[in-house]
Amino acid sequence: MQNETGKSKLMWLVIDLIVLLYAFIPVFWIISLSLKDSATLNDGNYFPRSITFESYQQIFANNDFTRALINSIGICLIATFIALLLGTFAAYAVARLQFPGKKIIVGMSLMVSMFPQIALVTPLFRIETAVGIFDTWLGLIIPYITFAMPLAIYTLSAFFREIPWELEKAAKMDGATPFQAFRQVIAPLAMPGVFTTAILVFISCWNDFLFALSLTSTSAARTVPAAMSYFQGATTFEKPTGPIAAAAVVITIPIVIFVLLFQRRIVAGLTSGAVKG
Amino acid sequence: MSTQADLSRPAGGGHDADEEAVAIARKRASEGKKAEAKLGMMLCAPAALVMVAVMAYPIAYAFWLSLFRADLRTPDQNEFVGLSNYVTVLSSPIWWTAFGVTAFITVVSVILELVLGMLLAIVMHRTIIGRGLVRTSALVPYAIVTVVAAFSWRFAWSQDLGWLAGSSAPLTDRWSSIAIIILAEVWKTVPFMALLLMAGLALVPEDLHKAAAMDGGSAWQRFWMITVPLVMPSILVAVLFRTLDAFRVFDNIFVLTSGANETSSVSMVAYNNLIRGLNLGIGSTMSVLIFITIAIIAVVFTKLFGAAAPGSDEGGRR
Numbered sequence: 017m018q019n020e021t022g023k024s025k026l027m028w029l030v031i032d033l034i035v036l037l038y039a040f041i042p043v044f045w046i047i048s049l050s051l052k053d054s055a056t057l058n059d060g061n062y063f064p065r066s067i068t069f070e071s072y073q074q075i076f077a078n079n080d081f082t083r084a085l086i087n088s089i090g091i092c093l094i095a096t097f098i099a100l101l102l103g104t105f106a107a108y109a110v111a112r113l114q115f116p117g118k119k120i121i122v123g124m125s126l127m128v129s130m131f132p133q134i135a136l137v138t139p140l141f142r143i144e145t146a147v148g149i150f151d152t153w154l155g156l157i158i159p160y161i162t163f164a165m166p167l168a169i170y171t172l173s174a175f176f177r178e179i180p181w182e183l184e185k186a187a188k189m190d191g192a193t194p195f196q197a198f199r200q201v202i203a204p205l206a207m208p209g210v211f212t213t214a215i216l217v218f219i220s221c222w223n224d225f226l227f228a229l230s231l232t233s234t235s236a237a238r239t240v241p242a243a244m245s246y247f248q249g250a251t252t253f254e255k256p257t258g259p260i261a262a263a264a265v266v267i268t269i270p271i272v273i274f275v276l277l278f279q280r281r282i283v284a285g286l287t288s289g290a291v292k293g
Numbered sequence: 274m275s276t277q278a279d280l281s282r283p284a285g286g287g288h289d290a291d292e293e294a295v296a297i298a299r300k301r302a303s304e305g306k307k308a309e310a311k312l313g314m315m316l317c318a319p320a321a322l323v324m325v326a327v328m329a330y331p332i333a334y335a336f337w338l339s340l341f342r343a344d345l346r347t348p349d350q351n352e353f354v355g356l357s358n359y360v361t362v363l364s365s366p367i368w369w370t371a372f373g374v375t376a377f378i379t380v381v382s383v384i385l386e387l388v389l390g391m392l393l394a395i396v397m398h399r400t401i402i403g404r405g406l407v408r409t410s411a412l413v414p415y416a417i418v419t420v421v422a423a424f425s426w427r428f429a430w431s432q433d434l435g436w437l438a439g440s441s442a443p444l445t446d447r448w449s450s451i452a453i454i455i456l457a458e459v460w461k462t463v464p465f466m467a468l469l470l471m472a473g474l475a476l477v478p479e480d481l482h483k484a485a486a487m488d489g490g491s492a493w494q495r496f497w498m499i500t501v502p503l504v505m506p507s508i509l510v511a512v513l514f515r516t517l518d519a520f521r522v523f524d525n526i527f528v529l530t531s532g533a534n535e536t537s538s539v540s541m542v543a544y545n546n547l548i549r550g551l552n553l554g555i556g557s558t559m560s561v562l563i564f565i566t567i568a569i570i571a572v573v574f575t576k577l578f579g580a581a582a583p584g585s586d587e588g589g590r591r
């Protein structure tokens, strides 16, 4: 028996190790590339022979990159905030209230989440140039809010359904209006769910490439994923591999740390929003 | 307000008062319902407005544009051409090649993701050591920006530079490029698939497995006879969502091959016409066709398998 559990422990250890390798191999590879010096960059080794921060110095000395980083952070934070605010209202209504048009809002979110983003590129491009918000923060914030909205509504309404109804009723009996019940009773209970949703929404905005690529033309609003594809080497003949790798690491590490810190909540958020029943 | 109405009413004789109380309660209840309906609509209005303004209006505009010759390089030659853009696109080999590539990538990657996702879900569900660690690291591919992962794969498969490529150059050949695109897609989305499936696995009662095991069911039989049927709703939702998502593939192809060697997806071809070629008429036509294809996939899926989409109320309310 002792031997049996020992065996199965060993088996699981091996399996776990495979999962870890699966998850981290491409990540360590890009980190390793970002740390190689220009002489060994093309040696094809998985691990660097010597470590240098040249590539990082290079990108942070480059105004286009720092500007793109600021754009990414600013645009995604604002879009996340607005999507979350509007999403919270809608999700509360969907989870808690009976009202005509509930099916419509749920169906609409579903359609948006299935929508091919490419189909919006031309019309948004035309409309944004006409209105004058092409290549601005606002020009990206608007589509980001829209595409993040269904995610916010699903995840939040799933969280909201778990909140005990009775507390709201009790508050109403004590004379609170429905809005007061929402603000003072439900909202504090919902904070963990809102926070988790904020992470998920932020990740989905942070990940966007297509809009950032097609709705910007200068570094005024270009986010990091789009900016990376415009990187130039130090000289015309040098490929920008090192800087791209460094930029990739810079925009990856904060998200990965965040996800690792809030792993449990994110798993709950991703699954509750999608599969119930 | 209703409290005031109560106070203004003097206490009447026994029976009448009872009836009146019932009537008032009813009235209050219906007022409450009305208030609830009003609040519900008010709370949803901003989200609904944004979605309509940013989705419905532009897609209508795209359809409108697709009926015109609208080339930004020759703006003075814009004119209404009816459905002729559709004829042009649907008779173009470039479109159908891209359509084939997209369909191939979609089918192969969703199948691989389902199999690997199920394996990973079982590992995350069953492992007896380091469960937290496994679940956490499985989230890493999900958290990484698609473009970043795509660059990592591109460098890994670049001649001389990459640790996987050696002296070969797989990204210069069509089928090895497509294989690498699928690899990149699968790597990134298996964890997401696994999480969805794991939520389903958690619903499978342990007792059923024990009972079946006692009746002599092998692990393999138990998997097919107990786990799969019970996890089926999760599987259908996950497959539907990933299919629609995979059909939109863009980021990975843009970074890995830029569509070289006939590896463009439909989204890539549309992008090239729109942004690089500035041919809005043709580009919009392709956009509309992609939209229609996605809609067909979604409808067929829900009708054929009865996949209840997430949030589709009744299914979700428990």
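Chains as they are written, first to last, in this note's numbering: chain A, 17 to 293; chain G, 274 to 591.
Where a beta carbon is used, it is the ideal one built from N, C-alpha and C, also for glycine.
Check whether residue i and residue j have beta carbons under 9 angstroms apart
i      : j      : result
A:T257 : A:L57  : yes
A:V137 : A:V122 : no
G:L393 : G:A411 : yes
G:V354 : G:E458 : no
G:T221 : G:F520 : Here chain G comprises residues numbered 274 to 591, so residue 221 of chain G is not present and cannot be evaluated.
A:I98  : G:P331 : no
A:G103 : A:V217 : yes
G:W448 : G:A438 : no
A:P159 : G:V325 : no
G:I455 : G:V381 : yes
A:F278 : A:S220 : no
A:L10  : G:L316 : Lying before the first or after the last residue shown, residue 10 of chain A is absent from chain A, which here runs from 17 to 293.
A:A84  : A:T239 : yes
A:L276 : G:T409 : yes
G:L476 : G:L503 : yes
Residue i: contacting residues in chain A (beta-carbon distance under 7 angstroms)
i      : result
G:A409 : With the sequence shown as reference, residue 409 of chain G is identified as Thr, and Ala is not the correct amino acid for it. Chain A residues near G:T409: L276 and Q279.
G:M505 : Near G:M505 there are no residues of chain A at all, since even the closest Cβ is about 11 angstroms away, more than 7 angstroms.
G:A308 : P194
G:Y359 : Residues of chain A passing the Cβ test: none, with the nearest at roughly 15 angstroms.
G:P414 : A39
G:G532 : Within chain A, no residue comes near G:G532; the closest Cβ sits about 13 angstroms away, beyond 7 angstroms.
Nearest to residue i (by Cα), restricted to the options the options
i      : options                           : result
G:A452 : G:F336, G:T379 and G:M391         : G:T379
G:A422 : A:A262, A:L229 and A:G285         : A:A262
A:V201 : A:K119, A:E184 and A:F69          : A:E184
G:A511 : G:F578, G:W493 and G:I548         : G:F578
A:V272 : A:P159, A:F40 and A:P166          : A:F40
A:M165 : A:S129, A:I31 and A:S66           : A:S129
G:T530 : G:D446, G:V295 and G:L434         : G:D446
G:G403 : A:L33, A:I67 and A:Y170           : A:L33
G:S365 : G:A543, G:V504 and G:F564         : G:A543
A:I260 : A:S245, A:I94 and A:V210          : A:S245
G:F574 : G:F514, G:L553, G:A343 and G:I548 : G:F514
G:A335 : G:L312, G:I569, G:I555 and G:V572 : G:I555
A:M189 : G:G305, G:E352 and G:K300         : G:G305
G:T500 : G:A472, G:D518, G:L517 and G:T516 : G:A472
Interface residues of chain G facing residue i [CB-CB closer than 9 angstroms]
i      : result
A:Q200 : By Cβ distance, chain G contributes nothing, its closest Cβ being about 15 angstroms from A:Q200, past 9 angstroms.
Chain-ordered neighbours of residue i on chain A, where CB pairs are closer than 8 angstroms
i      : result
G:R521 : P132, Q133 and I134
G:L356 : Within chain A, no residue comes near G:L356; the closest Cβ sits about 18 angstroms away, beyond 8 angstroms.
G:W368 : Those within 8 angstroms of G:W368 in chain A number zero; the least Cβ separation is about 14 angstroms.
G:R449 : Inspection of the sequence shows that residue 449 of chain G is occupied by Ser rather than by Arg. Here the premise fails: no neighbours, minimum Cβ distance about 17 angstroms.
G:I567 : M130, F131 and P132
Amino acids of chain G, ordered along the chain, whose beta-carbon sits closer than 8 angstroms to that of residue i
i      : result
A:S245 : V420, F527 and V528
A:F150 : Correct list: empty, because the minimum Cβ distance to chain G is about 12 angstroms.
heavy atom of the ligand NAD below 8 angstroms from residue i C-beta
i     : result
A:F44 : The ligand NAD is not among the ligands present in this structure, which contains no ligands whatsoever.
Closer than 8 angstroms at the beta carbon, the chain D residues around residue i
i     : result
A:D32 : Absent from the structure is chain D; the protein chains it does hold are A and G.
Chain G residues whose Cβ lies nearer than 7 angstroms to that of residue i
i      : result
A:T138 : A335, L338, L547, L553, G556, S557 and S560
Next item on the list: Examine the Cβ distances between the stretch 170–182 of chain A and the stretch 101–108 of chain A and report whether three or more of them are shorter than 8 angstroms.
Entry: yes
Check: So does the stretch 532–544 of chain G actually touch the stretch 367–374 of chain G, counting three or more Cβ pairs closer than 8 angstroms?
Finding: yes
Note to self: With three or more beta-carbon pairs closer than 8 angstroms as the criterion, would you say the stretch 338–345 of chain G touches the stretch 355–369 of chain G?
What the structure shows: yes
Checklist line | Three CB pairs or more closer than 8 angstroms across the stretch 387–403 of chain G and the stretch 548–567 of chain G | finding: no
Next item on the list: With 8 angstroms as the C-beta to C-beta threshold (strictly closer), list the residues of the stretch 185–219 of chain A near chain G in chain order.
Entry: P194, F195 and I219
Notebook entry, point to check: Pairing CB atoms from the stretch 125–139 of chain A with CB atoms from the stretch 211–227 of chain A, are three or more of them under 8 angstroms?
Noted result: yes
Next item on the list: Check each residue of the stretch 468–502 of chain G: if its Cβ is closer than 8 angstroms to any Cβ of chain A, include it; give the result in chain order.
Entry: L468, L469, M471, A472 and G473
Notebook entry, point to check: Is it a yes or a no for the stretch 484–501 of chain G touching the stretch 405–420 of chain G, going by three-plus beta-carbon pairs under 8 angstroms?
Noted result: no
Check: Mind listing which residues of the stretch 58–74 of chain A have their C-beta closer than 7 angstroms to chain G's C-betas, in chain order?
Finding: N58, G60, N61 and Y62
Checklist line | Where the stretch 111–124 of chain A meets chain G: residues whose CB sits under 9 angstroms from a CB there | finding: A111, R112, L113, Q114, F115, P116, G117, K118, K119, I120, I121, V122, G123 and M124
Checklist line | Cβ pair count under 8 angstroms reaching 3, the stretch 185–201 of chain A against the stretch 142–160 of chain A | finding: no
Checklist line | Within 8 angstroms of chain G by C-beta, residues of the stretch 95–110 of chain A in sequence order | finding: L102, G103, F105, A106, Y108, A109 and V110
Notebook entry, point to check: Between the stretch 67–83 of chain A and the stretch 37–55 of chain A, are three or more C-beta pairs nearer than 8 angstroms?
Noted result: yes
Next item on the list: Could you please tell me which residues of the stretch 421–437 of chain G, in chain order, have their CB closer than 7 angstroms to any CB of chain A?
Entry: V421, A422, F424, S425, W426, F428, A429, D433, L434, G435 and W436
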